[in-house]
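Visitor: I am attaching a structure below and will ask some questions about it afterwards.
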Amino acid sequence: MLASNFDSEVFSEDVEIICFANGSQIETELGPRPVEQLNVGDLVATKDQGLMPIRWIGRKNLDAATLKANPGLFPIRIGAGALGKNNPDRDLLVSPQHRVLVNSKIARRMFGSDEVLVAAKHLTALENVEVATDVAELAYFHILVDGHEIVTANNLACETLFPGPITRKNIGDAAWEEVTTLFPDLLDPDFIPNLARTTPSGRKAAQLILRHQKNETPLVNSDVAA
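In full-length UniProt numbering, the protein residues as written are 1 to 226.
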């Protein structure tokens, strides 16, 4: 794999990393493939742009001691069917800040768009979504393509790495140098990458979840009026 290691010194309980855990099945030109088997140049299926090549991959291995010392690094387990039928089609582990796609009429009423991206940590109010504190060790992976895109992991639409200020803070100097070599516009302090979808604040995300629960309607492909 052509990948860069994260700088372990940047990790803390409050760190905001946007990653897939090992075992996540990413939809590619060859069908679903484990994220840990992907390489730079492999084509992944994106919702808006079709097949796109991976430009950069970052990896960080976390052992039991690191997770115990930094419980904020435990992944969120999104259980099979937690957001709707076959969404995801099997349990999916992502970092707490990794955003997944909600697609519903309720989202449209709240944000003016059927589709919004919600951080996994805000989904824990749902049945079958939890902090996976039983995980003994894992590897986290960033996937970067040309732009902020939506890919499919375990049949659930999720974001790719968004190379904004938080990413700069958390991936370390060496990794950031690799990324900016590929995308020199990121060195311009006035350059702001475009987000693939609206990303509600934590408070708004909580309201979104609550309204879906109140209406007993799934967060993906929901047709129940708010």
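Note that the Cβ used here is the ideal one computed from N, Cα and C, for glycine as well.
Would you mind giving the Cβ-Cβ distance between ASP26 and VAL102, rounded to the nearest angstrom? I have them listed as a contact below 8 Å.
Guide: Counted from its first residue, the sequence shown places residue 26 at position 26. Counted from its first residue, the sequence shown places residue 102 at position 102. At residue 26 the sequence reads Ile, which differs from the Asp that was named. Incorrect: roughly 20 Å between the Cβ atoms, too far for contact.
Visitor: Find out if the Cβ-Cβ distance for the pair THR156, VAL100 is shorter than 8 Å.
Guide: Here residue 156 corresponds to residue number 156 of the sequence shown, with the count starting at 1. Here residue 100 corresponds to residue number 100 of the sequence shown, with the count starting at 1. This sequence places Leu at residue 156; Thr is not what is there. A contact, by the Cβ cut-off of 8 Å.
Visitor: Helix, strand or coil: how does DSSP classify ALA120 here?
Guide: The count along the sequence shown starts at 1 and reaches residue 120 at position 120. Reduced to three states, the DSSP call for ALA120 is helix.
Visitor: Grouping DSSP H, G and I as helix and E and B as strand, with all else coil, what is ILE17?
Guide: As a working note, residue 17 is residue 17 in the sequence shown. The answer is coil: DSSP assigns ILE17 none of H, G, I, E or B.
Visitor: Which residues share a DSSP beta bridge with THR152?
Guide: The count along the sequence shown starts at 1 and reaches residue 152 at position 152. DSSP lists ALA157 as partners of THR152.
Visitor: Answer yes or no: do LEU138 and PRO75 have a C-beta to C-beta separation smaller than 8 Å?
Guide: In the sequence shown, residue 138 corresponds to position 138, counting from 1. In the sequence shown, residue 75 corresponds to position 75, counting from 1. Cβ distance < 8 Å, so LEU138 and PRO75 count as in contact.
Visitor: Can the beta-carbon of VAL116 be found less than 8 Å from the beta-carbon of THR124?
Guide: Here residue 116 is taken as the residue at index 116 of the sequence shown, counted from 1. Here residue 124 is taken as the residue at index 124 of the sequence shown, counted from 1. Taking 8 Å as the Cβ cut-off, VAL116 and THR124 do not qualify as a contacting pair.
Visitor: Classify ILE106 as helix, strand or coil using the three-state DSSP reduction.
Guide: Position 106 of the sequence shown, counting from 1, holds the residue named residue 106. If DSSP states are grouped into helix, strand and coil, ILE106 belongs with the helices.
Visitor: Determine the DSSP secondary structure at GLU36, reduced to helix, strand or coil.
Guide: On the sequence shown, position 36 is the one that residue 36 refers to. Residue state, collapsed to three classes: helix.
Visitor: Leaving out five residues on either side along the sequence, give the residues of the same chain with a beta carbon under 8 Å from the beta carbon of SER24.
Guide: Counting from one through the sequence shown, the residue named residue 24 turns up at place 24. Same-chain partners within the cutoff: PRO34, VAL35, LEU92, LEU93, VAL94, PHE141, ALA153 and ASN154.
Visitor: Grab the span of the alpha helix (DSSP H) containing ARG211 for me, first residue to last.
Guide: Numbered from its first residue, the sequence shown carries residue 211 at position 211. Run containing ARG211: 202 to 214, per the alpha helix (DSSP H) assignment.
Visitor: Please check the pair ALA65 and HIS122, which I expect to be a contact at CB under 8 Å, by giving their CB distance rounded to whole angstroms.
Guide: The residue labelled residue 65 in the question sits at position 65 within the sequence shown. The residue labelled residue 122 in the question sits at position 122 within the sequence shown. About 28 Å separates the two Cβ atoms, so there is no contact after all.
Visitor: Do you know offhand how far ASP134's Cα is from LEU208's?
Guide: Taking the first residue of the sequence shown as 1, we reach residue 134 at position 134. Taking the first residue of the sequence shown as 1, we reach residue 208 at position 208. Each residue's Cα considered, the two are about 28 Å apart.
Visitor: Note down the Cα distance separating ALA82 from PRO32, rounded to an integer number of angstroms.
Guide: Within the sequence shown, residue 82 is the residue found at index 82, counting from 1. Within the sequence shown, residue 32 is the residue found at index 32, counting from 1. Approximately 20 Å, taken between the alpha carbons.
Visitor: Identify whether LEU219 lies in helix, strand or coil by the three-state DSSP scheme.
Guide: Your numbering for residue 219 matches position 219 in the sequence shown. Of the three classes helix, strand and coil, the one that applies to LEU219 here is coil, per DSSP.
Visitor: Output needed for ALA226: all residues of its chain with C-beta closer than 7 Å, excluding positions within five of it in sequence on either side, in chain order.
Guide: Counted from its first residue, the sequence shown places residue 226 at position 226. In this prediction, ALA226 has a pLDDT of 45, which is less than 50 and means its spatial position is unreliable; nothing more can be read from the coordinates.
Visitor: If you follow the beta strand (DSSP E) that LYS60 is part of, which residue opens it and which one closes it?
Guide: Translated into positions along the sequence shown, residue 60 becomes position 60. Its beta strand (DSSP E) spans residues 56 to 62.
Visitor: Helix, strand or coil for GLY84, going by three-state DSSP, please let me know.
Guide: Mapped onto the sequence shown, residue 84 falls at position 84. Three-state result, GLY84: strand.
Visitor: Using a threshold of 7 Å, is the CB atom of SER113 nearer than that to any non-hydrogen atom of the ligand SAM?
Guide: The ligand SAM is absent from the structure shown, which contains no ligand whatsoever.
Visitor: Please classify ALA69: does DSSP put it in a helix, a strand, or coil?
Guide: As a working mapping, residue 69 is identified with position 69 in the sequence shown. Looking at ALA69 - three-state DSSP - the assignment turns out to be helix.
Visitor: Does DSSP classify PHE111 as helix, strand or coil?
Guide: Counting from 1 along the sequence shown, the entry for residue 111 is found at position 111. PHE111 falls in the helix class under three-state DSSP.
Visitor: What does PHE141 pair with, by DSSP beta-bridge criteria?
Guide: Taking the first residue of the sequence shown as position 1, residue 141 is located at position 141. Partner(s): PHE20 and ARG59.
Visitor: Roughly how many angstroms lie between the CA atoms of PHE20 and HIS98, to the nearest whole one?
Guide: Numbered from 1 along the sequence shown, position 20 holds the residue referred to as residue 20. Numbered from 1 along the sequence shown, position 98 holds the residue referred to as residue 98. Roughly 8 Å separates the two Cα atoms.
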